[in-house]
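Student: Dropping the structure in here first, questions after.
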Amino acid sequence: MPLIRRAGARGGRGGVKVRWLDALIVALSAALFVCLAVSVYGGPPSSVLVITSGGDEWIYQLSQDRVIEVPGLIGVSIVGIHDGEAHIDDSPCANRTCVASQPIRRPGEWAACLPNGVFIRIEGEDIQDEFDAFVR
Amino acid sequence: MSSTRSYARPALPDGGRRLAAFLAALAFFLSTVEYMLPRPVPFMRLGLANLPLLLAVDLLPFGSYIALALVKVVGMSVLTGSLFSYVALFSLAGTLASALVMRGLRALAGPRSLSYVGLCVAGAVSSNLAQVALARVFVFGDSARFMAPAFVGLGLASGLALGAFTQAFASKSAWLAGILATPSAAEASAGGSE
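Just so you know, the protein sequences line up as chains A and B, in that order.
The working numbering applies: residue 227 is where the first sequence begins, and numbers increase by one.
The working numbering applies: residue 318 is where the second sequence begins, and numbers increase by one.
Here's what the structure looks like:
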């Protein structure tokens, strides 16, 4: 028996009809997305890069170009800051999805290497320019 | 609201084992197809391999349904080479959350009030939320909250796309109609007593 019969061959049924519970679930998911987006991206603009790995956090100014070696679960990830953007330049993971991700520059943007447990994000904090980096 | 609870799954002669095996093979094939497709955004997956699990919500008894979900996780982990890494646990948590939410919703509402579109969106969003929760507890800590909006948004988009495709497929498939035409256990016993 074929998986698909030609459209209209059976008559009557066809197309995608949206039911009321479909609309409710889509609306709830969209509302959840909006609430999460506002809570994460609604902060004041700033320019600090926060790197998280193994329970530690390092904070860097985005205004200074640098290359950072971040120890992770399976090796060392390389995070680069260039022209006000941060990017995972290299990582010891297999599929290297993190390396393929776009550079981040605005508060709330993030990138992550799940296999190595390294997470980078731009955070909205009003911090003076005097420091190179600090750990918290 | 009686129409929302009137759905009964077909009583398959072997408890659905043969159909579960076919759907698992289909999941592996679709997983391989998806692996070949370029991703517009890292972490963006359409979730093609979830199509058989979505169809199984209305076809398989609970035991075979969960077995299909577990086999899908193991098979996909083998295909992506992540079986013996903790990344496989994220796949397991996401798939189980999705499978249980979709099955639970179907227990509450039949196809007349809830189509594959709603089921798929709920499954995709719950799967992604489970993975963000796992990332928060075991890997990234509080930073994982930054992943949540993107994961929920991607779940919503991919759930809508795959759900609409599955609904269109289900409305035209003679194969699926043939399986659904199998009498349910209640119908079979009622027919036998007449």
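The beta carbon of each residue, even a glycine, is placed where N, CA and C say it ideally should be.
What in chain A is Cβ-close to Arg362 of chain B, meaning under 7 Å?
Tutor: None at all; the shortest Cβ gap to chain A is about 10 Å.
Student: From A:Pro341, A:Glu335 and A:Ala253, pick the residue whose C-alpha is nearest to that of Cys319 of chain A; which is it?
Tutor: Of the candidates A:Pro341, A:Glu335 and A:Ala253, the one whose C-alpha sits nearest the C-alpha of Cys319 of chain A is A:Pro341.
Student: Can a CB atom of chain A be found closer than 8 Å to the CB of Glu511 of chain B?
Tutor: For Glu511 of chain B, the pLDDT reaches just 37, beneath the cut-off of 50, and the residue's location in the model is therefore unreliable, although a value from the coordinates is still provided. Taking Cβ atoms only, chain A never reaches closer than 8 Å to Glu511 of chain B, which makes this a no.
Student: Which residues in chain A have a C-beta closer than 7 Å to the C-beta of Phe463 of chain B? List them in chain order.
Tutor: Those are Val266, Gly334, Trp336 and Arg347, listed as they occur along chain A.
Student: Nearest to Val387 of chain A by alpha carbon, out of B:Leu431, B:Ile496, B:Leu336 and B:Thr499?
Tutor: There is simply no residue 387 of chain A to check, as chain A begins at 227 and stops at 362 in what is shown.
Student: How long is the line joining the alpha carbons of Phe407 of chain B and Val454 of chain B, rounded to whole angstroms?
Tutor: C-alpha separation (whole angstroms): 12 Å.
Student: Does any heavy atom of the ligand ADP sit closer than 7 Å to the C-beta of Leu396 of chain B?
Tutor: No copy of the ligand ADP occurs in the structure displayed, which carries no ligand at all.
Student: Phe457 of chain B versus chain A: which residues are under 8 Å apart at the beta carbon?
Tutor: Ordered by position in chain A, the residues that pass the 8 Å Cβ test against Phe457 of chain B are Thr278, Ala338, Gly343 and Phe345.
Student: How many whole angstroms separate the CB atoms of Arg332 of chain A and Ile348 of chain A, which I take to be in contact at a CB cut-off of 8 Å?
Tutor: Between Ile348 of chain A and Arg332 of chain A the Cβ distance is about 6 Å, and since that is below 8 Å, they are a contact.
Student: Quick check: is the beta carbon of Trp246 of chain A nearer than 8 Å to any beta carbon in chain B?
Tutor: It does: the Cβ of Trp246 of chain A has a partner Cβ on chain B nearer than 8 Å.
Student: Does any residue of chain A have a CB that is nearer than 8 Å to the CB of Ala426 of chain B?
Tutor: With 8 Å as the cut-off, Ala426 of chain B counts as an interface residue toward chain A.
Student: Check whether chain A comes within 8 Å of Pro466 of chain B, counting only Cβ atoms and requiring the distance to be less than that.
Tutor: Output row for Pro466 of chain B: interface = yes.
Student: Assign Arg335 of chain B to one of two classes, buried (16 or more other C-beta atoms within 10 Å of its C-beta) or exposed (fewer than that).
Tutor: It counts as exposed.
Student: Just the Cα atoms here: how many angstroms apart are Val296 of chain A and Leu471 of chain B?
Tutor: The straight-line gap from Cα to Cα measures roughly 28 Å.
Student: Leu340 of chain B and Pro369 of chain B look like a contact to me (Cβ under 8 Å); what is the Cβ gap, rounded to whole Å?
Tutor: At roughly 4 Å, the Cβ-Cβ gap stays under 8 Å, so Leu340 of chain B and Pro369 of chain B are in contact.
Student: Report the neighbours of Leu431 of chain B on chain A: residues whose CB is nearer than 7 Å to its CB, in chain order.
Tutor: Here the neighbours are Arg245, Leu247 and Asp248.
Student: So which residues of chain A does Ala370 of chain B contact, with C-beta pairs closer than 7 Å?
Tutor: First, the amino acid is wrong: residue 370 of chain B is Leu here, not Ala. The contacting residues do not exist; Leu370 of chain B stays about 17 Å from chain A at best.
Student: Can you name, in chain order, every residue of its own chain whose Cβ lies under 6 Å from the Cβ of Tyr267 of chain A, other than the five neighbours on each side?
Tutor: For Tyr267 of chain A, where only same-chain residues beyond five positions count, the Cβ hits under 6 Å are Gly334.
Student: Could you tell me whether any Cβ in chain E is nearer than 8 Å to the Cβ of Gly281 of chain A?
Tutor: This model lacks chain E altogether; the protein chains it does include are A and B.
Student: Keeping to the same chain, check which residues put their C-beta closer than 8 Å to that of Ala487 of chain B; ignore five residues upstream and five downstream.
Tutor: So the list reads Leu372, Tyr433 and Leu493, once near-sequence residues are dropped.
Student: Under 7 Å Cβ to Cβ from Leu409 of chain B, same chain only, skipping five residues before and after it: list those, please.
Tutor: If we look at Leu409 of chain B and ignore the five residues flanking it on each side, its Cβ neighbours are Val390.
Student: Based on Cα-Cα distance, which residue from A:Gly306, A:Glu311 and A:Gly310 lies nearest to Ser317 of chain A?
Tutor: Residue A:Gly306 is the option with its Cα nearest to Ser317 of chain A.
Student: For Phe379 of chain B, does the three-state DSSP call read helix, strand or coil?
Tutor: Three-state result, Phe379 of chain B: helix.
Student: Considering Ala461 of chain B, what are the terminal residues of the beta strand (DSSP E) in which it resides?
Tutor: Unbroken run through Ala461 of chain B: none, as it is neither H nor E.
Student: If we count Cβ pairs, one from each stretch, closer than 8 Å, do we get three or more for the stretch 457-475 of chain B versus the stretch 253-264 of chain A?
Tutor: Short answer: they touch.
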